[in-house]
Amino acid sequence: MIADGFLPLIPKSRISQNWKICLVICLAARLGLTGPELLWQQKLIRTDTRLSIDLISALEHELRTPRNVQIVAKPLVRFNLRTSGDSEHEGCYLSLGHNQPLEDCGFNMTAKTFFIIHGWTMSGMFENWLYKLVSALQMREKEANVVVVDWLPLAHQLYTDAVNNTRVVGHSVARMLDWLQEKDDFSLGNVHLIGYSLGAHVAGYAGNFVKGTVGRITGLDPAGPLFEGVDIHRRLSPDDADFVDVLHTYTRSFGLSIGIQMPVGHIDIYPNGGDFQPGCGLHDVLGSIAYGTITEVVKCEHERAVHLFVDSLVNQDKPSFAFQCTDSNRFKKGICLSCRKNRCNSIGYNAKKTRIYHYQMKIHIFSYKNMGDIEPNFYVTLYGTNADSQILPLEIVEQIGLNATNTFLVYTEEDLGDLLKIKLTWEGAAQSWYNLWKELRSYLSQPRSSERQLNIRRIRVKSGETQRRLTFCVEDLDDTSISPGQELWFHKCRDGWRMKNETSPTVELS
4 MIADGFLPLI PKSRISQNWK ICLVICLAAR LGLTGPELLW QQKLIRTDTR
54 LSIDLISALE HELRTPRNVQ IVAKPLVRFN LRTSGDSEHE GCYLSLGHNQ
104 PLEDCGFNMT AKTFFIIHGW TMSGMFENWL YKLVSALQMR EKEANVVVVD
154 WLPLAHQLYT DAVNNTRVVG HSVARMLDWL QEKDDFSLGN VHLIGYSLGA
204 HVAGYAGNFV KGTVGRITGL DPAGPLFEGV DIHRRLSPDD ADFVDVLHTY
254 TRSFGLSIGI QMPVGHIDIY PNGGDFQPGC GLHDVLGSIA YGTITEVVKC
304 EHERAVHLFV DSLVNQDKPS FAFQCTDSNR FKKGICLSCR KNRCNSIGYN
354 AKKTRIYHYQ MKIHIFSYKN MGDIEPNFYV TLYGTNADSQ ILPLEIVEQI
404 GLNATNTFLV YTEEDLGDLL KIKLTWEGAA QSWYNLWKEL RSYLSQPRSS
454 ERQLNIRRIR VKSGETQRRL TFCVEDLDDT SISPGQELWF HKCRDGWRMK
504 NETSPTVELS
């Protein structure tokens, strides 16, 4: 190439040869030749008649000379140790198998190590949230290592291609962790992977591939499309780390779910129900479309998970809490504001490591008598291959429907394994003043306790964590009735029949 600020001097008598010189120079530029620069500087300034001949001869020699051109390709996945929260600061790049960058960059082997993993990108550039998260982590954990996993070349693709690349990137992160484990004092228990959108599933793959168990993975609104309902080894799941906590902020809005709806962690929190985040304006979707701001609205909803996590880092003295509730209507009535039995948890960095197992139960309740209004207090005990649950109440959201299917939600902190059987107990109505007055008022028309009787043949169960659906049939098909103070046993069955490999339990009644 021609040196900056250098202009070849062409003698006027040789204007007829200008086209040859231009041709040669253009050819050299097209080939990207840099070797002849010195030749041009020495010979193009001459005004003798051999100018063009010398130049052509020099270039011909250059073209005939073998050239070893080394093209240094940018790695598809890079690990940038952030030494400053400033976006203008380049940071320090770690290289697998090279110890010197660890020393030069001041990597602390005994401290916590955060890996921030971005998601799919349409711009091919880092979003502003990433630098805010880096700064917040450095402020909260001053001795920690904060590493940004840069996989922009693989994320700046069609969404389907980026999804396929998550496995590759997860494997790269796992290899880096395996290499770090070879160093003294480095522990996987101190590793915290934080993944946003597709990055959450990258973290899941990394936790699955690494030799050992990562301490914690935080999924910030993990991507939903092409991950919803798939096998646990193809998405983020509780098995990927010792503790997996997830924030869901963009699910089910107008039938569109950018974030995954299903629970994928030990703790899954759905702020504001997982959709319609305050301040994002998604409620005015038609106006957003009309004014061309729908992209910003969607980004606001999806990215809210990141900002909630950042808020939990910088405002430690003002934590936000999430409360467990069966539906948003009950929450809006203030019914679910209880922290008993781990029914509430901190949002974000301060989330407590607890595990809740959810079971949906559908029970068809028959009544062959005119029972009038009835409010039975049902309780269940679940028996599994790993453990048995405590006695769990079936909370009645609305009035019990007779000769209809009723749906309940129960949850336990015990890992029961595969469910084998269920014990259903009717404890009778709670003796509040209201219930006593109601019983007194209907004394003549209401059946006595001994005459109150319901019939239940089977219970259908769906596990929230495994998504498995099971049916449990009453132990004795000739006796499906239950009254206050009594219990019924249900065993796993198929199509209404007991499974052959199940044996009848031995029940001792006190």
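Numbered per my numbering, the sequence shown spans residues 4 to 513. Ideal Cβ positions, reconstructed from N, Cα and C, are used throughout, including at glycine.
Cβ-based neighbour list, residue i, same chain, cut-off 7 angstroms, excluding 5 preceding and 5 following
i: residue 296; result: With a pLDDT of only 47 at residue 296, under 50, the local geometry of the prediction cannot be trusted, and the value read off the model is given with reservation. Excluding positions up to five away in sequence, the list is empty.
i: residue 104; result: 95, 96, 97 and 98
i: residue 240; result: 207 and 267
i: residue 271; result: 249 and 251
i: residue 491; result: 427, 459, 477 and 485
i: residue 483; result: 458, 459, 460 and 477
Status (buried if at least 16 other CB within 10 Å, exposed otherwise) for residue i
i: residue 493; result: buried
i: residue 402; result: exposed
i: residue 113; result: exposed
i: residue 125; result: exposed
i: residue 266; result: buried
i: residue 407; result: exposed
i: residue 1; result: Since the first residue of the chain shown is 4 and the last is 513, residue 1 is not available in this structure.
i: residue 35; result: Because residue 35 sits at a pLDDT of 39, beneath the cut-off of 50, its placement in the model cannot be relied upon, and the following sentence gives the value as read from the coordinates. Residue 35 should be labelled exposed.
i: residue 116; result: buried
i: residue 131; result: exposed
i: residue 330; result: exposed
i: residue 41; result: No answer about residue 41 holds up, because its pLDDT of 36 lies below 50 and its placement is not dependable.
i: residue 153; result: buried
i: residue 92; result: exposed
i: residue 169; result: buried
i: residue 233; result: exposed
i: residue 469; result: exposed
i: residue 148; result: buried
i: residue 434; result: Confidence at residue 434 is low in this model, with a pLDDT of 44, below 50, so the placement of that residue is unreliable and no value is reported for it.
i: residue 173; result: buried
i: residue 462; result: buried
i: residue 455; result: buried
i: residue 220; result: buried
Strand pairing of residue i, partner residues [DSSP]
i: residue 2; result: Residue 2 falls outside the range modelled here, since the chain spans only 4 to 513, and no answer is possible.
i: residue 494; result: 424 and 476
i: residue 271; result: 249
i: residue 396; result: 382
i: residue 244; result: 217
i: residue 363; result: 412 and 465
i: residue 95; result: 84
i: residue 458; result: 369 and 484
i: residue 148; result: 116
i: residue 349; result: 324
Top-ranked residue by Cα proximity to residue i, from the options
i: residue 464; options: 248, 234 and 367; result: 367
i: residue 248; options: 426, 491, 281 and 207; result: 207
i: residue 389; options: 411, 424 and 383; result: 424
i: residue 100; options: 310, 461 and 179; result: 179
i: residue 394; options: 379, 404 and 413; result: 413
i: residue 84; options: 78, 109 and 102; result: 109
i: residue 175; options: 241, 221, 461 and 82; result: 82
i: residue 246; options: 417, 235, 268 and 277; result: 268
i: residue 497; options: 476, 487, 483 and 318; result: 476
i: residue 119; options: 133, 146 and 396; result: 133
i: residue 205; options: 237, 332 and 233; result: 237
i: residue 386; options: 377, 405, 380 and 420; result: 420
i: residue 457; options: 478, 485, 471 and 474; result: 485
i: residue 3; options: 467, 466, 459 and 194; result: Residue 3 is absent from the model: the chain starts at 4 and stops at 513.
i: residue 404; options: 365, 422, 382 and 418; result: 365
i: residue 79; options: 188, 87, 102 and 171; result: 171
i: residue 231; options: 209, 422 and 260; result: 260
i: residue 474; options: 487, 422 and 87; result: 422
Own chain, CB closer than 6 angstroms to residue i, minus 5 neighbours either side, in chain order
i: residue 504; result: In this prediction, residue 504 scores a pLDDT of 46, lower than 50, which makes its location untrustworthy; no coordinate-derived value is stated.
i: residue 211; result: 243
i: residue 327; result: 346
i: residue 159; result: 124 and 127
i: residue 314; result: none
Cutoff 8 angstroms; reference residue i; Cβ partners in own chain excluding five residues on either side
i: residue 191; result: 180, 184, 213, 215, 216, 217 and 218
i: residue 155; result: 121, 124, 127, 128 and 129
i: residue 307; result: 224, 252, 253, 274, 280 and 283
i: residue 384; result: 391, 392, 393, 394, 395, 425, 426 and 428
i: residue 262; result: 200, 224, 225, 226, 227, 251, 252, 253, 254, 277, 305 and 308
i: residue 107; result: 95
i: residue 489; result: 428 and 429
heavy atom of the ligand SAH below 7 angstroms from residue i C-beta
i: residue 233; result: Only the bare structure without any ligand can be found here, which leaves the ligand SAH out of the picture.
Exercise. Pair every Cβ in the segment 155-164 with every Cβ in the segment 328-347, then say whether three or more of these pairs are closer than 8 angstroms.
Key: no
Exercise. Could you tell me whether the segment 246-256 touches the segment 329-338, where touching means 3 or more Cβ pairs closer than 8 angstroms?
Key: no
Quiz prompt | Stretch pair the segment 193-209 + the segment 222-238: three plus CB contacts closer than 8 angstroms | solution = yes
Quiz item: Are the segment 180-190 and the segment 139-147 touching, with three or more C-beta to C-beta distances below 8 angstroms?
Solution: no
Practice problem: Evaluate contact between the segment 344-354 and the segment 320-333, counting only Cβ atoms and requiring at least three cross-stretch pairs below 8 angstroms. | Solution: yes
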